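Following this note's numbering, the residues of the sequence shown are numbered contiguously, the last one being 143.
Backbone N, C-alpha and C fix where the C-beta goes; we use that ideal spot for every residue, glycine too.
These numbers were taken from a predicted model, which means no experiment stands behind them.
In what follows, a structure is listed as structure tokens, so that the remarks can point back to it.
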Amino acid sequence: MSYIGKEPQYTAFPSKFFNGDGTAMTVTLDYSPPNEAALLVFVDGVRQDTSAYSIVGYDLTFSGTVPSGTANVQVVHLGIAVDVGVPGDSTISIDKLGTNFYTNEITISETRTLPINYQSLSAGPVTVTGTITVPTGSTWTVV
């Protein structure tokens, strides 16, 4: 499949452990998830329902008391956004756009017959000194 820009990147599911403190604690995450379902949260190895915590920005707040313990709270991020960047001005050439991007000559001097049941497009202005045949069921548009 062709892409404009870089190929999609894949990433791991970052995981971080926290120490429970016996309160309805708040922990600060390394990433800001879009919603509660973008995380897997475990307390003492038991997966927590999304109703057991809330997310505001980078902060995850538990709605109930979290048992005290060392590294007994684990948060796993699902689907971290991967920044593929923005191409700089004038950095994309025709070769980088793949085979579905074409250029056309300003003057069409040869004989061309379009395939049946195809749509064709030329960027104008175009001068035709040859012959263009557009069969029934096909369209040639100059824009």
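- Contact check for residue 65 against residue 24 passes: the beta carbons are separated by less than 9 Å.
- As DSSP reads the structure, residue 60 sits in a beta bridge with 27 and 55.
- Membership of residue 130 in any beta strand (DSSP E) is not indicated, and neither H nor E is assigned to it by DSSP.
- At the C-beta level, residue 107 and residue 133 stay beyond 9 Å of one another.
- DSSP lists no bridge partner for residue 106.
- For residue 12, the three-state secondary structure derived from DSSP is coil.
- DSSP places residue 71 within a strand segment (E or B) once states are collapsed to three.
- In the DSSP annotation of this structure, the continuous segment of the beta strand (DSSP E) that includes residue 121 starts and ends at 119-122.
- Per DSSP, residue 143 lies in no beta strand (DSSP E) and is assigned neither H nor E.
- Looking at 75, 70, 131 and 68, the one whose alpha-carbon comes closest to that of residue 50 is 75.
- Using a Cβ-Cβ distance cut-off of 8 Å, the segment 51-58 and the segment 86-94 are not in contact, since fewer than three pairs of beta carbons, one from each stretch, lie closer than that value.
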